[in-house]
Amino acid sequence: MKAIVYEKYGPPDVLQLKEVEKPIPKEDEALVKVHAASVNAADLEILRGTWAARFGGPLRPQHKIPGSDLAGRVEAVGSNVKQLQPGDEIWGDLSFPYGYGTFAEYVCVSENALVMKPASMTFEEASTYPQSAIISLQSLRDKGQIQPGQKVLINGAGGGMGTFAVQLAKYYGAEVTGVDSASKLNMLRSIGADHVIDYAQEDYTKSGQRYDLILDVVAYRSVFDYRRALSPEGIFLIVGGSLATFLQVLILGALISRMGSKKLGPNAYEPNNKEDLAFLAELFESGDVVPFIDRRYPLSEVPEAIRYLEEEPHLGKIVITMDHNNKT
Ligand SMILES: NC(=O)c1ccc[n+]([C@@H]2O[C@H](COP(=O)([O-])OP(=O)(O)OC[C@H]3O[C@@H](n4cnc5c(N)ncnc54)[C@H](OP(=O)(O)O)[C@@H]3O)[C@@H](O)[C@H]2O)c1
Numbered sequence: 000m001k002a003i004v005y006e007k008y009g010p011p012d013v014l015q016l017k018e019v020e021k022p023i024p025k026e027d028e029a030l031v032k033v034h035a036a037s038v039n040a041a042d043l044e045i046l047r048g049t050w051a052a053r054f055g056g057p058l059r060p061q062h063k064i065p066g067s068d069l070a071g072r073v074e075a076v077g078s079n080v081k082q083l084q085p086g087d088e089i090w091g092d093l094s095f096p097y098g099y100g101t102f103a104e105y106v107c108v109s110e111n112a113l114v115m116k117p118a119s120m121t122f123e124e125a126s127t128y129p130q131s132a133i134i135s136l137q138s139l140r141d142k143g144q145i146q147p148g149q150k151v152l153i154n155g156a157g158g159g160m161g162t163f164a165v166q167l168a169k170y171y172g173a174e175v176t177g178v179d180s181a182s183k184l185n186m187l188r189s190i191g192a193d194h195v196i197d198y199a200q201e202d203y204t205k206s207g208q209r210y211d212l213i214l215d216v217v218a219y220r221s222v223f224d225y226r227r228a229l230s231p232e233g234i235f236l237i238v239g240g241s242l243a244t245f246l247q248v249l250i251l252g253a254l255i256s257r258m259g260s261k262k263l264g265p266n267a268y269e270p271n272n273k274e275d276l277a278f279l280a281e282l283f284e285s286g287d288v289v290p291f292i293d294r295r296y297p298l299s300e301v302p303e304a305i306r307y308l309e310e311e312p313h314l315g316k317i318v319i320t321m322d323h324n325n326k327t
């Protein structure tokens, strides 16, 4: 089969399209024919070998085939697989601990990572949800305890996760502020943001506004800046950003949270939660939360897709679409 393979950390150029052995499922695994796989900023961070990526592979990548979001069809199952059978259409998130590998024509994975895909969604649409939408949902609803009428701010609102987070916050009845680059602000208004901020023009932590819930996808500031931007009972959740900010929010944020009424901490994330994916499928069908696909690339152009994510102001998600009939 064809797969995108890398042997060392680096820029998208280290990714190569190669012919590799088609995997054989172990007893508790399914072999899935990949139809679509979306690209996440986390894929770029793992490729470049940022701090979080190096826990599993300090010197070189732990998993040779990248990619975590998956939508596809089960082709074969191991002898202990109970819930799936060949022909089932599934979606899932193959990030830690499920071994990645979705930038390939086929992948073998534990059945625990796979959930039946709603028939109403295309494979491309389905591939955008497993990581970005689940993190947004669990952060806002579970850890963030979002309530109608609250002032909620999403920083990084125009990217893969943010476009889901804005729609979810609106669904829960919040007054939503979306922060991103100028070219994305009209789109943020069109998906329901009540207020928008161009991050190049205004620092949301210094505007004097106070928010009940902040979900920050690209957090690079001091924990004290975030505390200032919260209302007296406000909650700040970090999803992505710098290691320094993450550690500050983890350690100092825990202390601040214990001493006062403002809460600061990392987001919640339980991948492949069946009830949450079913709930997101309902929101897709009702039109309340839909994916925004900026561009589609074939498997051979994964390096270009990741370069686009890194260098261009992409809107929402970028999807890798497999063409199983075209073998070139
Ligand atoms: N905690 C977890 O469990 C977990 C799991 C997976 C991923 N993540 C993290 O989630 C993060 C975001 O993922 P994603 O896929 O949504 O990324 P994404 O698609 O690249 O979206 C990020 C958005 O932030 C915008 N942005 C860049 N700099 C900004 C700034 N200073 N202020 C405001 N907005 C800014 C980007 O716009 P421009 O490009 O136009 O500037 C882009 O629209 C990644 O860091 C990833 O590691 C966390």
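Numbering-wise (numbering that gives the first Met the number 0), the sequence shown opens with residue 0 and increments by one. The beta-carbon is built from N, C-alpha and C at its ideal position, and this holds for glycine as well. Quantities reported herein were computed from a predicted structural model and do not represent experimental measurements.
- prompt: Out of curiosity, what's the CA-to-CA distance linking Ala118 and Val248?
  reply: Against the sequence shown, residue 118 aligns to sequence position 119. Against the sequence shown, residue 248 aligns to sequence position 249. Within the model, the alpha-carbon separation for Ala118 versus Val248 is close to 40 angstroms.
In this structure, what does DSSP give as the bridge partners for Asn154? Mapped onto the sequence shown, residue 154 falls at position 155. According to DSSP, Asn154 bridges with Val178, Asp215.
Q. Smallest Cα separation from Pro10: which of Ile23, Ala2, Glu44, Lys25?
A. The residue you call residue 10 lines up with position 11 of the sequence shown. Closest option to Pro10, judged by alpha-carbon separation, among Ile23, Ala2, Glu44, Lys25: Glu44.
Between the Cα of Leu251 and those of Met120, Asp275, Gly264, Leu242, spot the shortest distance and give me the residue it belongs to. The residue labelled residue 251 in the question sits at position 252 within the sequence shown. Checking every option, the nearest Cα to that of Leu251 belongs to Gly264.
Helix, strand or coil for Leu357, going by three-state DSSP, please let me know.
The question about residue 357 has no answer, for the chain in this structure spans 0 to 327.
**Item:** Buried or exposed by the 16-neighbour rule on C-beta atoms within 10 Å, applied to Ser37
**Value:** Here residue 37 refers to the residue found at position 38 of the sequence shown. The residue is buried, with at least 16 neighbouring Cβ atoms inside 10 Å.
Review point. Which whole-angstrom value describes the C-beta separation of Ser241 and Tyr219, a residue pair presumed to lie in contact below a C-beta threshold of 8 angstroms?
Key: As a first step, residue 241 is located in the sequence shown; it is residue number 242 there, counting from the start. As a first step, residue 219 is located in the sequence shown; it is residue number 220 there, counting from the start. Contact between Ser241 and Tyr219 holds: CB atoms are separated by about 5 angstroms, below the 8 angstroms threshold.
Cβ separation of Ala168 and Ile190, assumed to be a contact under 8 angstroms, to the nearest whole Å:
Counted from its first residue, the sequence shown places residue 168 at position 169. Counted from its first residue, the sequence shown places residue 190 at position 191. Actually they are not in contact, since the Cβ atoms of Ala168 and Ile190 sit about 10 angstroms apart, beyond 8 angstroms.
Is the beta carbon of Ser109 closer than 9 angstroms to that of Tyr128? In the sequence shown, residue 128 corresponds to position 129, counting from 1. In the sequence shown, residue 109 corresponds to position 110, counting from 1. Their beta carbons are not under 9 angstroms apart, which means Tyr128 does not touch Ser109 by this criterion.
Per DSSP, what kind of secondary structure is Phe235 in: helix, strand or coil?
Against the sequence shown, residue 235 aligns to sequence position 236. Assignment of Phe235 by DSSP, reduced to helix, strand and coil, places it in the strand class.
What are the start and end residues of the beta strand (DSSP E) that includes Gly159? Numbered from 1 along the sequence shown, position 160 holds the residue referred to as residue 159. No beta strand (DSSP E) contains Gly159, which is instead part of the alpha helix (DSSP H) from 159-170.
Q. Are the stretch 222-240 and the stretch 173-183 touching by the rule of at least three beta carbon pairs closer than 8 angstroms?
A. When C-beta atoms of the stretch 222-240 are compared with those of the stretch 173-183, fewer than three pairs fall below 8 angstroms, so the two segments do not count as touching.
Next on the checklist: Let's see if you can read the secondary structure: which residues bound the beta strand (DSSP E) around Arg294?
Outcome noted: Counting from 1 along the sequence shown, the entry for residue 294 is found at position 295. It spans 292-297 - the beta strand (DSSP E) in which Arg294 sits, taken as one unbroken run.
Q) For ligand 1, any of its heavy atoms closer than 8 angstroms to the Cβ of Glu303? A) For the purposes of this step, residue 303 is taken as residue 304 along the sequence shown, with counting starting at 1. Flag unset: Cβ of Glu303 not near ligand 1.
Report task. Determine the burial state of Gly66: buried for a count of at least 16 other Cβ atoms within 10 Å of its Cβ, exposed for fewer. Result -> Here residue 66 refers to the residue found at position 67 when the sequence shown is read from its first residue. Classification of Gly66: buried, given that the 10 Å Cβ count is 16 or more.
Under 9 angstroms, do Phe102 and Ile319 count as touching if we go by C-beta distance? What you label residue 102 is simply residue 103 of the sequence shown in a count that begins at 1. What you label residue 319 is simply residue 320 of the sequence shown in a count that begins at 1. Yes; because the gap between Cβ atoms is below 9 angstroms, this pair is in contact.
field: Residue span of the beta strand (DSSP E) that contains Val105, given as start and end
entry: Within the sequence shown, the letter at position 106 stands for residue 105. Inspection of the sequence shows that residue 105 is occupied by Tyr rather than by Val. Per DSSP, Tyr105 is one residue of the beta strand (DSSP E) stretching across 105-109.
- Query: For Gln200, which option in Arg188, Val151, Ile255, Leu184 has the closest C-alpha, if you only look at C-alpha atoms?
  - Reply: The sequence position of residue 200 within the sequence shown is 201, counting from 1. It is Leu184.
Query raised in the report: What's the call for Thr327, buried or exposed, on a 16-neighbour Cβ count within 10 Å?
Result: Numbered from its first residue, the sequence shown carries residue 327 at position 328. The predicted position of Thr327 is uncertain, since its pLDDT is 38 and thus under 50; a value taken from the coordinates is nonetheless stated next. Answer is exposed; the Cβ neighbour count stays below 16.
Ser119 - DSSP class collapsed to helix/strand/coil
As a first step, residue 119 must be located in the sequence shown, where it is residue number 120. Ser119 falls in the coil class under three-state DSSP.
- What is the rounded straight-line gap between the Cα of Ser94 and the Cα of Gly172? On the sequence shown, position 95 is the one that residue 94 refers to. On the sequence shown, position 173 is the one that residue 172 refers to. For Ser94 and Gly172, the distance between alpha carbons rounds to 31 angstroms.
Spell out a yes or no on whether the stretch 276-284 and the stretch 125-145 are touching, meaning 3 or more CB-CB pairs, one atom from each, closer than 8 angstroms.
Yes, the stretch 276-284 touches the stretch 125-145.
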